[in-house]
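Chemist: One structure, pasted below without further comment.
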Amino acid sequence: MGGLFALGSQHSPLEASSHREAPLIAGDPLADNTDLYVFRSPDAATNDANATVTVIANYIPFELPQGGPNFDSFGENIRYEIHVKNSATTTGDDITYRFTFTRTNLDPTTFFRVRLGAENLKTTYKLEQSLAGGAFTTLIAAGVVPAPNIGPRSINGAAGLNQSAPYETYAQTAVQTVNGIKVMCAPRDDAFFTDLGAIFDLGGVRSATAARDGLARKNVHSIIMQIPVTALVKTGVGALTSTTNILDSNYIIGVWASASRPAIRTLNPTTGGQAYTVGTTVAPTTGYVGSPDGWVQVSRIGMPLTNEVVQAIGLKDEWNAGSPYGMVSKFDAGAKNPELGLYMADNTPANGAAPKPAGQTYYGEAVPGLGPLRIQTKSLAGLLPAPFAAGFDFRNGAPGLAPSFSTTGNTGTAFASTANGGFGEYLLNNGQSGNPRTVDLLPIFHTGVPNLIPYQLATGKTGGNPLTAGKPFINNFLPTFGDMLRINLAVPPTPRTDPNFSSEGLVAAAVLGLTNATYAGTAVQFIPNMDGFPNGRRLEDDVTRIELQAVGGVVLAAVGLWYDDYTVGTSPSPVTAQLGNVLGFTTNISRNDTTFRTAFPYAQTPWSGTTAQRVALAQISANPSLGLAPTLTTASAYPNPTTDQTTLRFELPRTANLNVQI
Numbered sequence: 000m001g002g003l004f005a006l007g008s009q010h011s012p013l014e015a016s017s018h019r020e021a022p023l024i025a026g027d028p029l030a031d032n033t034d035l036y037v038f039r040s041p042d043a044a045t046n047d048a049n050a051t052v053t054v055i056a057n058y059i060p061f062e063l064p065q066g067g068p069n070f071d072s073f074g075e076n077i078r079y080e081i082h083v084k085n086s087a088t089t090t091g092d093d094i095t096y097r098f099t100f101t102r103t104n105l106d107p108t109t110f111f112r113v114r115l116g117a118e119n120l121k122t123t124y125k126l127e128q129s130l131a132g133g134a135f136t137t138l139i140a141a142g143v144v145p146a147p148n149i150g151p152r153s154i155n156g157a158a159g160l161n162q163s164a165p166y167e168t169y170a171q172t173a174v175q176t177v178n179g180i181k182v183m184c185a186p187r188d189d190a191f192f193t194d195l196g197a198i199f200d201l202g203g204v205r206s207a208t209a210a211r212d213g214l215a216r217k218n219v220h221s222i223i224m225q226i227p228v229t230a231l232v233k234t235g236v237g238a239l240t241s242t243t244n245i246l247d248s249n250y251i252i253g254v255w256a257s258a259s260r261p262a263i264r265t266l267n268p269t270t271g272g273q274a275y276t277v278g279t280t281v282a283p284t285t286g287y288v289g290s291p292d293g294w295v296q297v298s299r300i301g302m303p304l305t306n307e308v309v310q311a312i313g314l315k316d317e318w319n320a321g322s323p324y325g326m327v328s329k330f331d332a333g334a335k336n337p338e339l340g341l342y343m344a345d346n347t348p349a350n351g352a353a354p355k356p357a358g359q360t361y362y363g364e365a366v367p368g369l370g371p372l373r374i375q376t377k378s379l380a381g382l383l384p385a386p387f388a389a390g391f392d393f394r395n396g397a398p399g400l401a402p403s404f405s406t407t408g409n410t411g412t413a414f415a416s417t418a419n420g421g422f423g424e425y426l427l428n429n430g431q432s433g434n435p436r437t438v439d440l441l442p443i444f445h446t447g448v449p450n451l452i453p454y455q456l457a458t459g460k461t462g463g464n465p466l467t468a469g470k471p472f473i474n475n476f477l478p479t480f481g482d483m484l485r486i487n488l489a490v491p492p493t494p495r496t497d498p499n500f501s502s503e504g505l506v507a508a509a510v511l512g513l514t515n516a517t518y519a520g521t522a523v524q525f526i527p528n529m530d531g532f533p534n535g536r537r538l539e540d541d542v543t544r545i546e547l548q549a550v551g552g553v554v555l556a557a558v559g560l561w562y563d564d565y566t567v568g569t570s571p572s573p574v575t576a577q578l579g580n581v582l583g584f585t586t587n588i589s590r591n592d593t594t595f596r597t598a599f600p601y602a603q604t605p606w607s608g609t610t611a612q613r614v615a616l617a618q619i620s621a622n623p624s625l626g627l628a629p630t631l632t633t634a635s636a637y638p639n640p641t642t643d644q645t646t647l648r649f650e651l652p653r654t655a656n657l658n659v660q661i
């Protein structure tokens, strides 16, 4: 048992989410909200009055560190907002933080970004706060955004900003504290990493030696806030204490971030300038945000990858403009029958899979990179009497658990009807077949997961029946029925030095809970990585891998809906080869291209414009007519400094013999 689970945990990856994900926002990078992270601050780990949560909202995708002379910066005429929901009974945001930016040229006589201590496109910001939808009040009137990390001459040189300290020291002078909240708006390393080239090439997964991190050595602009837990929970909830139940519902919040533009932009054909008009406009579709005051929301993010891969392209722009509050059935469809699920089932059932549902076509054979991920087709076959004797099928278009819906049964579980204290109509699709993932993916993305049967680990469940009590491991249930990044702030952070710390987030917590005797039984215990995605999102969490595994059925397996190769009463363990395949799946880009910081702002120093390019490419043309072409154009060694190996690269202007002595 332990051996197969170790297969999944020996890869220790990290990841991220929403770059250029919709047609309209792809043309407006300054307003493009690329990623959102919400996590308990690891350096304030104790459950007491000093506990804090860190929120990082990233904007502007694919920033080239060397992308001058007009380096990227936060945009004017954009409202960047972080929205907090702490109560399911209120309407709209319970807390809103709004950032607006102003840019000034201090030396308009030069094309350089900085010169002789003067900074062009010097950016400042105003931070405002609204509580319970009320008027905005100013928290910071004139915060400063550090200049980009252009290079040492611009930052440290006498002809530049003449800073005596390294860039990071200079950047952190911009950190402000107000009402116990630390704030930093600054360029940072982009913590997102995945093999974009392969994944967007129709779901390719390249080998470990061929995979390439599409975000390596790229920067973003980050809004980073470290906020006391007491400032985010609903009114009347006290500070965390050592006796607080780590799954206490009072400490659940949902967070989403957005960017809005004025409704009208006017370009001046004479000067080339532009003006924005903030006037009353009409919302184009019910559910759109920002119209009454003339601002239109153009980007949003809650859960990572939602708009990137869950929503179809025809819905992406509308999704970006919409609110996460309230059910919009067309946005639920991608979670009930995810497109990715079509590539995790074989059109010709193989390896003992059940026959396909009538009328369904799957494409698993066409996407071999996702071959280890195969959704359950007959989970728990033989365990229950008719009509469930053939087991449960969770492939797209299949019944899933919908046939188990009952207006009177399932008492004491999340599947009970609303009249009986449950959410069966929502989670079991009112008993209608054809939307099998209402039981797992839909709540993960749109309500959070409650600490109720069956959403407990299979550890301790009676007779293999998922509808019995198991090991609690998550409660971030905030039923607003929309996309937000939900987190239970009562769950303490896993120390980054803990040998069990894993970028697999809650998947890693489930593995420990199912296999480690320390966590046997049904009592509430802290299991390392319970603070990981999808219970919030840490910088280290490999959300691409976790979400692909979730579509592949790993959450269903964790709560006792095992894979097809487990036969009740025959198999020695539900920890089977298929579960091992899912846990061992990786996209082969399994960590960020640099480290994370151990204290605020946690996100790493932005890459320098003079060192971001990994390899020096001289690209010098030889001129043989002069007879002066050098024998060796360039030589480089990387990485530098090196540890166990180094790569030597030599460039010659023409084919020749080269003697290298080491």
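Residues in the sequence shown are numbered from 0 upward in steps of one, following numbering that gives the first Met the number 0. Heads up, the beta-carbon is just placed ideally off N, CA and C, and yes, glycines get one too. Nothing here was measured: the structure is a model prediction, and the numbers come from that model.
1) List the whole-angstrom C-beta distance separating THR604 from ASN148, where the pair is believed to meet the contact cut-off of C-beta under 8 Å.
2) How would you label THR108, buried or exposed, when you count the other beta carbons within 10 angstroms and need 16 or more for buried?
3) Indicate whether the contact test is met: 3 or more Cβ pairs, each with one atom in the stretch 192-210 and one in the stretch 170-177, closer than 8 Å.
4) Relative to the ligand SAH, is the shortest distance from any of its heavy atoms to the C-beta of THR645 smaller than 7 Å?
5) Take PRO83 and list the residues in its own chain whose beta-carbon comes closer than 7 Å to its own, dropping the five residues that flank it on each side.
6) Just curious, the beta strand (DSSP E) that ASP188 is in, first and last residue?
7) Give me whichever residues DSSP pairs with PRO227 in a beta bridge.
8) First and last residue of the alpha helix (DSSP H) that includes PHE330?
9) At what residues does the beta strand (DSSP E) containing LYS315 begin and finish?
10) For LEU29, name the three-state secondary structure that DSSP assigns.
11) I'd like the span of the beta strand (DSSP E) that includes GLY253, first residue to last.
12) For PRO402, tell me which candidate among GLY390, THR410, ASN395, THR412 has the shortest Cα-Cα distance.
13) Pick helix, strand or coil for ASN487, following the three-state DSSP scheme.
14) Using CA coordinates, which residue listed in THR597, GLU546, ARG590 is at the minimum distance from VAL581?
15) Can you tell which of PRO22, PHE649, ALA655 has its C-alpha closest to the C-alpha of GLY313?
16) At the level of alpha carbons, what is the spacing between ASP345 and THR172?
17) So, are the CB atoms of LEU29 and ILE59 less than 8 Å apart?
18) In whole angstroms, what separates the C-alpha of SER467 from that of LYS377?
19) Given a cut-off of 8 Å on the beta-carbon distance, is the pair PHE444 and ALA556 in contact?
20) I'd like to check one pair, PHE480 with MET343: are the Cβ atoms closer than 8 Å?
21) Taking one C-beta from the stretch 501-516 and one from the stretch 531-549 each time, how about it: are there three or more such pairs within less than 8 Å?
22) When the Cβ atoms of the stretch 45-52 are set against those of the stretch 61-69, are three or more pairs found closer than 8 Å?
23) Could you check the C-alpha separation between THR586 and THR136 for me, to the nearest Å?
24) In whole angstroms, what is the alpha-carbon distance linking CYS184 and SER221?
25) Does the beta-carbon of ALA413 have 16 or more other beta-carbons within 10 angstroms, so that it is buried, or is it exposed?
26) Are there 16 or more other CB atoms within 10 angstroms of the CB of GLN660, so buried, or fewer, so exposed?
27) For ALA311 and ASN32, which I take to be in contact (beta-carbon distance under 8 Å), what is that distance rounded to the nearest angstrom?
28) For THR437, which three-state DSSP category applies?
29) From SER259 to SER298, what distance separates their C-alpha atoms?
30) In three-state DSSP terms, what is PHE649?
31) What are the complete beta strand (DSSP E) segments, minimum 3 residues, inside the stretch 84-154?
32) Straight-line CA distance for ARG216 to GLN612?
33) Identify the continuous alpha helix (DSSP H) that holds VAL295 and give its terminal residues.
34) So GLU118 packs on TYR96, CB below 8 Å; how close in whole Å?
35) TYR562 to PRO442, Cα distance in whole Å?
36) By Cβ distance below 7 Å, which residues in the same chain neighbour THR99 in space, the five residues on each side in sequence not counted?
Modeler: Walking through what the data contain:
1) Residue numbering aside, residue 604 sits at position 605 when the sequence shown is read from its first letter. Residue numbering aside, residue 148 sits at position 149 when the sequence shown is read from its first letter. Rounded, the Cβ-Cβ distance is 7 Å, consistent with contact.
2) Your numbering for residue 108 matches position 109 in the sequence shown. Exposed.
3) no
4) The ligand SAH is not part of the structure shown, which contains no ligands of any sort.
5) Counting from one through the sequence shown, the residue named residue 83 turns up at place 84. Before going on, a small fix: residue 83 reads as Val here, not Pro. Same-chain partners within the cutoff: ASP92, ASP93, ILE94, LEU231, ILE252, VAL254.
6) Within the sequence shown, the letter at position 189 stands for residue 188. Element bounds for ASP188: 180-188.
7) Translated into positions along the sequence shown, residue 227 becomes position 228. Answer by DSSP bridge pairing, in chain order: THR51.
8) By one-based count along the sequence shown, residue 330 stands at place 331. Residues 328-335.
9) The residue labelled residue 315 in the question sits at position 316 within the sequence shown. Element bounds for LYS315: not the beta strand (DSSP E) but the alpha helix (DSSP H), 315-320.
10) As a first step, residue 29 must be located in the sequence shown, where it is residue number 30. Three-state result, LEU29: helix.
11) The residue given as residue 253 occupies position 254 in the sequence shown. Its beta strand (DSSP E) spans residues 251-261.
12) Mapped onto the sequence shown, residue 402 falls at position 403. Here the closest residue by C-alpha is GLY390.
13) As a working note, residue 487 is residue 488 in the sequence shown. DSSP places ASN487 in strand when its eight states are reduced to three.
14) Sequence index remark: in the sequence shown, residue 581 carries index 582 (1-based). The option with the nearest alpha carbon to VAL581 is GLU546.
15) Taking the first residue of the sequence shown as 1, we reach residue 313 at position 314. Selected option, being the one with the closest Cα: PRO22.
16) Your numbering for residue 345 matches position 346 in the sequence shown. Your numbering for residue 172 matches position 173 in the sequence shown. The straight-line gap from Cα to Cα measures roughly 56 Å.
17) To locate residue 29, count along the sequence shown from 1; it is residue 30. To locate residue 59, count along the sequence shown from 1; it is residue 60. Contact flag set, yes.
18) Mapped onto the sequence shown, residue 467 falls at position 468. Mapped onto the sequence shown, residue 377 falls at position 378. It is worth fixing the name first, because residue 467 is Thr in this sequence and not Ser. Rounded to the nearest angstrom, the two C-alpha atoms are 20 Å apart.
19) For the purposes of this step, residue 444 is identified with residue 445 of the sequence shown, where counting begins at 1. For the purposes of this step, residue 556 is identified with residue 557 of the sequence shown, where counting begins at 1. No.
20) Within the sequence shown, residue 343 is the residue found at index 344, counting from 1. Within the sequence shown, residue 480 is the residue found at index 481, counting from 1. Against a cut-off of 8 Å, the Cβ pair of PHE480 and MET343 comes out as no contact.
21) yes
22) no
23) The residue you call residue 586 lines up with position 587 of the sequence shown. The residue you call residue 136 lines up with position 137 of the sequence shown. Going by the C-alpha atoms only, they are around 45 Å apart.
24) On the sequence shown, position 185 is the one that residue 184 refers to. On the sequence shown, position 222 is the one that residue 221 refers to. Going by the C-alpha atoms only, they are around 6 Å apart.
25) For this step, residue 413 is matched to residue 414 along the sequence shown. Classification for ALA413: buried.
26) The residue you call residue 660 lines up with position 661 of the sequence shown. By the neighbour-count rule (16 or more Cβ atoms within 10 Å), GLN660 is not buried but exposed.
27) Residue mapping note: residue 311 aligns to position 312 of the sequence shown, counting from 1. Residue mapping note: residue 32 aligns to position 33 of the sequence shown, counting from 1. Not quite, the Cβ-Cβ distance comes to about 20 Å (not below 8 Å), so this is no contact.
28) Taking the sequence shown and counting its residues from 1, the one referred to as residue 437 is at position 438. Here THR437 sits in helix by DSSP.
29) On the sequence shown, residue 259 is found 260 positions in, with the first residue counted as 1. On the sequence shown, residue 298 is found 299 positions in, with the first residue counted as 1. Looking at the two C-alpha atoms, the distance is approximately 7 Å.
30) Here the question's residue 649 lines up with position 650 in the sequence shown. Three-state DSSP puts PHE649 in a strand.
31) 94-103, 121-130, 136-144
32) Counting from one through the sequence shown, the residue named residue 216 turns up at place 217. Counting from one through the sequence shown, the residue named residue 612 turns up at place 613. Straight-line Cα distance between these residues: approximately 7 Å.
33) For this step, residue 295 is matched to residue 296 along the sequence shown. VAL295 -> not in any alpha helix (DSSP H); beta strand (DSSP E) instead, spanning 294-300.
34) Position 119 of the sequence shown, counting from 1, holds the residue named residue 118. Position 97 of the sequence shown, counting from 1, holds the residue named residue 96. In fact, because the Cβ distance is near 26 Å, the residues do not count as touching under 8 Å.
35) Counting from 1 along the sequence shown, the entry for residue 562 is found at position 563. Counting from 1 along the sequence shown, the entry for residue 442 is found at position 443. Answer to the nearest angstrom: the Cα atoms are 21 Å apart.
36) Taking the first residue of the sequence shown as 1, we reach residue 99 at position 100. Excluding sequence neighbours, THR99 sits near ARG78, TYR124, LYS125.
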